[in-house]
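Protein chains in written order, with numbering that gives the first Met the number 0: chain A, 0 to 338; chain B, 0 to 338.
We put the beta carbon where it would ideally sit given N, CA and C, even for glycine.
Protein chains: 2
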Amino acid sequence: MSSLFMRAMRGDATPRRPLWIMRQAGRYLPEYRALRAKHSFEQLSGDAALAAEVTLQPVARFPLDAAIIFADLMSPVGALGLSVRFDPGPVLARPVRTAADVDALRVPTPDEIAPEVIQALRIVRPALDRKLALLGFAGAPWSLAAYLVQGRGAPGFPALRALAHRDPGLLNALLTRLTDLVIAYVKAQVAAGADAVQLFDTWAGVLSRADWDRFVKPHLARFLDETKALGAPRILFVQDASHLVSGYASLPSEALALDWREDLRAVRALVGPARALQGNLDPAILLAGPEATARAASALLAQVPARGHIVNLGHGITPEAPLDSVHALIDTVHSERPA
Amino acid sequence: MSSLFMRAMRGDATPRRPLWIMRQAGRYLPEYRALRAKHSFEQLSGDAALAAEVTLQPVARFPLDAAIIFADLMSPVGALGLSVRFDPGPVLARPVRTAADVDALRVPTPDEIAPEVIQALRIVRPALDRKLALLGFAGAPWSLAAYLVQGRGAPGFPALRALAHRDPGLLNALLTRLTDLVIAYVKAQVAAGADAVQLFDTWAGVLSRADWDRFVKPHLARFLDETKALGAPRILFVQDASHLVSGYASLPSEALALDWREDLRAVRALVGPARALQGNLDPAILLAGPEATARAASALLAQVPARGHIVNLGHGITPEAPLDSVHALIDTVHSERPA
Chain A
0 MSSLFMRAMR
10 GDATPRRPLW
20 IMRQAGRYLP
30 EYRALRAKHS
40 FEQLSGDAAL
50 AAEVTLQPVA
60 RFPLDAAIIF
70 ADLMSPVGAL
80 GLSVRFDPGP
90 VLARPVRTAA
100 DVDALRVPTP
110 DEIAPEVIQA
120 LRIVRPALDR
130 KLALLGFAGA
140 PWSLAAYLVQ
150 GRGAPGFPAL
160 RALAHRDPGL
170 LNALLTRLTD
180 LVIAYVKAQV
190 AAGADAVQLF
200 DTWAGVLSRA
210 DWDRFVKPHL
220 ARFLDETKAL
230 GAPRILFVQD
240 ASHLVSGYAS
250 LPSEALALDW
260 REDLRAVRAL
270 VGPARALQGN
280 LDPAILLAGP
290 EATARAASAL
300 LAQVPARGHI
310 VNLGHGITPE
320 APLDSVHALI
330 DTVHSERPA
Chain B
0 MSSLFMRAMR
10 GDATPRRPLW
20 IMRQAGRYLP
30 EYRALRAKHS
40 FEQLSGDAAL
50 AAEVTLQPVA
60 RFPLDAAIIF
70 ADLMSPVGAL
80 GLSVRFDPGP
90 VLARPVRTAA
100 DVDALRVPTP
110 DEIAPEVIQA
120 LRIVRPALDR
130 KLALLGFAGA
140 PWSLAAYLVQ
150 GRGAPGFPAL
160 RALAHRDPGL
170 LNALLTRLTD
180 LVIAYVKAQV
190 AAGADAVQLF
200 DTWAGVLSRA
210 DWDRFVKPHL
220 ARFLDETKAL
230 GAPRILFVQD
240 ASHLVSGYAS
250 LPSEALALDW
260 REDLRAVRAL
270 VGPARALQGN
280 LDPAILLAGP
290 EATARAASAL
300 LAQVPARGHI
310 VNLGHGITPE
320 APLDSVHALI
330 DTVHSERPA
């Protein structure tokens with residue numbers, strides 16, 4: 000029997016809504032902080048056994064419905080021959096800005112792409128309760144390009160936007176390479192046991208809709224086309240980009256994941272009843288404590304019918320989130336009576 | 000005869016579209032960098048004579064249609080008894096998070112609110128060509144509260160969002176105090192010679208529309224109501240908040256200023272022909288050089304009729320912007336043939 004998560008993803012009726020939490024394996028957990036006291040973030044994400052251990056921490060503590068593999072958005076780019084350090088966000092040793100830079104990128108074989116992440120999935124799959132889904136993930140090509148071109152996180156990624164207007168052909172060549180990478184990476188994740196994958200387009204919102212249509216959409220369309228035969232649902236997470244939601248909705252992914260700013264009811268009306276929607280409680284509400292969390296979670300459930308709704312936060316859980324608020328969220332979802 | 004800017008603001012036909020540039024008095028200018036080599040940012044914005052000098056730098060170099068007073072978003076909050084330093088963004092000595100913190104805020108007399116800014120306006124007004132408009136500005140109450148509650152800039156301002164859900168009454172009390180402050184500050188700016196004022200709601204986009212309607216909108220409505228009799232147009236700048244544009248458009252300001260993500264044509268259709276619109280070239284395009292800038296500026300002009308359109312960037316000009324790109328933008332706007 001397939002997991003609650005996968006049934007909701009297919010739009011089947013379920014006894015209750017499934018729930019997982021973005022960044023659920025993270026610093027709000029005492030057991031994660033204990034591991035981090037002994038290992039750097041790079042060590043945790045770079046070692047398959049440690050990454051598997053971290054992946055399983057939140058599902059051991061909480062009755063969540065999915066585990067998501069612990070990895071960094073930048074994990075696959077090492078295979079392109081790029082060197083990335085963390086300070087604390089990703090910093091490229093050398094930004095990618097010229098045709099020569101793009102030509103110099105390695106074309107990796109599939110088994111060269113983040114082998115530690117693939118191995119971690121292989122460790123987690125048999126260790127995970129069959130009632131839980133295992134999720135893989137990757138950064139979307141545009142959001143990977145953001146770091147590669149800018150060199151590090153920066154508000155609005157101006158160097159990336161400038162490149163788009165200075166040399167759209169060069170940007171397109173880079174995005175083509177990154178799309179190839181993400182396709183191969185996701186295929187390997189599914190082969191290693193991921194039931195579904197989430198594509199994080201964290202930085203797409205810095206583009207206008209016209210520029211998104213031109214620069215981003217064709218690459219996402221190819222990603223979806225070339226990973227369709229895997230049979231694993233693809234979740235597109237679109238962040239801080241209300242002006243792009245209808246663009247993402249026009250792409251043939253099985254699910255859309257939304258940040259806390261979006262009106263879930265309006266997006267449900269936009270996409271119709273067949274598409275799975277994931278989200279989107281404001282993670283800052285957890286900081287306000289369990290009562291505020293339960294109240295807001297109830298309001299979230301009232302926004303859309305249970306069918307096809309996977310409950311999640313609208314962004315990663317923050318390190319300061321109290322565990323009691325997580326319990327309140329879970330209890331609210333678990334105690335909902337089916338309509 | 001009134002300035003091109005003011006005629007466009009009133010929706011009158013003009014021989015060409017007026018143009019100014021957000022952050023036009025800033026680090027992309029060699030003469031600004033020369034002054035900054037001798038004075039800190041706090042010294043430049045804290046001294047009326049220096050602030051006036053900086054304000055006039057861009058209009059001396061470029062045929063722009065407005066000067067905007069050089070000041071910091073946080074300039075008025077010192078009058079509340081709060082201490083702010085820069086690192087490099089504003090950092091509060093102590094965040095404002097409790098009822099006692101709000102009660103402890105001073106209630107300033109009008110002449111205690113950023114007197115150096117008011118004095119700078121008095122210096123600039125007679126020195127400025129009568130064909131140019133002089134703009135004042137202020138941070139919107141919510142965007143000031145963002146720094147006061149969070150203590151410093153932070154992605155998404157989670158402490159602010161948490162307060163909104165933990166104690167909405169307390170947040171409302173703080174926003175009421177800040178709205179009083181902004182109203183008094185803007186009145187003093189107009190009395191000192193500002194022809195129009197721009198209200199920067201830089202951080203409103205971190206809220207969902209439902210939360211914005213509840214927490215932000217009533218305070219903006221009161222600001223507009225209590226400053227209407229001044230007769231100076233009020234420009235609302237809404238940033239990174241596509242989901243809120245229709246909310247801002249529903250408020251009775253004379254003008255809306257939009258960031259580069261917004262579709263100017265769609266917003267014109269939304270607000271009708273009577274409202275002035277300002278914006279919204281992507282400032283990153285200037286980094287791509289004068290040709291790309293001219294091309295993008297032409298495309299911008301083609302989006303909406305000239306009447307009621309004040310050309311600007313969709314965000315502050317970046318320190319790396321080449322002066323040639325600024326010339327290309329100005330030349331494109333100046334060479335447009337009236338329809």
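By DSSP, does residue i sit in helix, in strand, or in coil?
i: GLN197 (chain B); result: strand
i: ASP56 (chain A); result: The amino acid at residue 56 (chain A) is misidentified as Asp; the sequence shows Gln. The answer is helix: DSSP assigns GLN56 (chain A) an H, G or I state.
i: VAL215 (chain B); result: coil
i: LEU312 (chain B); result: strand
i: LEU3 (chain A); result: helix
i: LEU18 (chain B); result: strand
i: LEU206 (chain B); result: coil
i: ARG96 (chain B); result: coil
i: ASP110 (chain A); result: helix
i: ARG221 (chain B); result: helix
i: GLN118 (chain B); result: helix
i: ASP323 (chain B); result: helix
i: ASP102 (chain A); result: helix
i: THR13 (chain B); result: coil
i: THR317 (chain B); result: coil
Taking CB distances under 8 Å as the criterion, tell me whether residue i reaches chain A.
i: ILE316 (chain B); result: no
i: HIS308 (chain B); result: no
i: TRP259 (chain B); result: yes
i: ILE366 (chain B); result: This structure gives no information on residue 366 (chain B), because the portion of chain B shown stretches from 0 to 338.
i: PRO157 (chain B); result: yes
i: ASP281 (chain B); result: yes
i: HIS326 (chain B); result: no
i: GLN301 (chain B); result: Looking at the sequence provided, one finds Ala at residue 301 (chain B) rather than Gln. For ALA301 (chain B), the answer is no, since every Cβ of chain A falls outside 8 Å of its Cβ.
i: ASP239 (chain B); result: yes
i: HIS218 (chain B); result: no
So residue i and residue j are in contact, right, with Cβ under 8 Å, and what is the actual spacing, rounded?
i: LEU341 (chain A); j: VAL303 (chain A); result: The requested residue 341 (chain A) is not part of the displayed model; chain A covers only 0 to 338.
i: SER44 (chain A); j: ALA50 (chain A); result: 6 Å
i: ILE309 (chain B); j: LEU285 (chain B); result: Actually they are not in contact, since the Cβ atoms of ILE309 (chain B) and LEU285 (chain B) sit about 18 Å apart, beyond 8 Å.
i: LEU170 (chain A); j: TRP211 (chain A); result: About 13 Å; that fails the 8 Å criterion.
i: TYR27 (chain B); j: VAL53 (chain B); result: 13 Å between Cβ atoms; not a contact.
i: THR292 (chain B); j: ALA327 (chain B); result: 4 Å
i: ARG165 (chain A); j: GLY288 (chain B); result: 7 Å
i: LEU120 (chain A); j: ALA193 (chain A); result: 6 Å
i: LEU280 (chain B); j: ALA268 (chain B); result: In fact, because the Cβ distance is near 20 Å, the residues do not count as touching under 8 Å.
i: PHE353 (chain B); j: GLU115 (chain B); result: There is simply no residue 353 (chain B) to check, as chain B begins at 0 and stops at 338 in what is shown.
i: HIS314 (chain B); j: MET21 (chain B); result: 6 Å
Mind checking if residue i is an interface residue toward chain B, Cβ cutoff 8 Å exclusive?
i: HIS164 (chain A); result: yes
i: LEU286 (chain A); result: yes
i: SER249 (chain A); result: no
i: ALA291 (chain A); result: yes
i: HIS353 (chain A); result: Any property of residue 353 (chain A) remains undetermined from this structure, which presents chain A solely from 0 to 338.
i: ASP46 (chain A); result: no
i: ALA295 (chain A); result: yes
i: ASP323 (chain A); result: no
i: ASP262 (chain A); result: yes
Cβ-based contacts, 9 Å cut-off: residues of the segment 181 to 215 of chain B near chain A: Within the segment 181 to 215 of chain B, the residues whose Cβ lies closer than 9 Å to some Cβ of chain A are GLY204, VAL205, LEU206, SER207, ARG208, ALA209 and ASP210, listed in chain order.
Given a limit of 7 Å on CB to CB distance, which residues of the segment 60 to 78 of chain B reach chain A? Cβ contacts with chain A come from no residue of the segment 60 to 78 of chain B.
Contained alpha helix (DSSP H) runs [length at least 4] in the segment 121 to 193 of chain B, N- to C-terminal order: If we require 4 residues or more, the alpha helix (DSSP H) runs fully inside the segment 121 to 193 of chain B come out as 140 to 149, 157 to 165 and 167 to 190.
Taking beta-carbon pairs under 7 Å, can you tell me which members of the segment 97 to 118 of chain A lie near chain B? Taking 7 Å as the Cβ-Cβ cut-off against chain B, none of the residues of the segment 97 to 118 of chain A qualify.
What alpha helix (DSSP H) runs, 4 residues minimum, are completely inside the segment 25 to 90 of chain B? With a minimum length of 4 residues, the continuous alpha helix (DSSP H) runs that stay inside the segment 25 to 90 of chain B are 29 to 37, 40 to 45 and 47 to 60.
Hey, which unbroken runs of the beta strand (DSSP E) at 3 residues or more fall wholly within the segment 226 to 309 of chain A? Secondary structure remark: continuous beta strand (DSSP E) runs of at least 3 residues inside the segment 226 to 309 of chain A, in chain order: 233 to 237, 254 to 257 and 275 to 280.
Beta carbons nearer than 9 Å to chain B: which residues of the segment 134 to 160 of chain A have them? Taking 9 Å as the upper bound on Cβ-Cβ separation, chain B lies near residues PRO154, GLY155, PHE156, PRO157, ALA158, LEU159 and ARG160 of the segment 134 to 160 of chain A.
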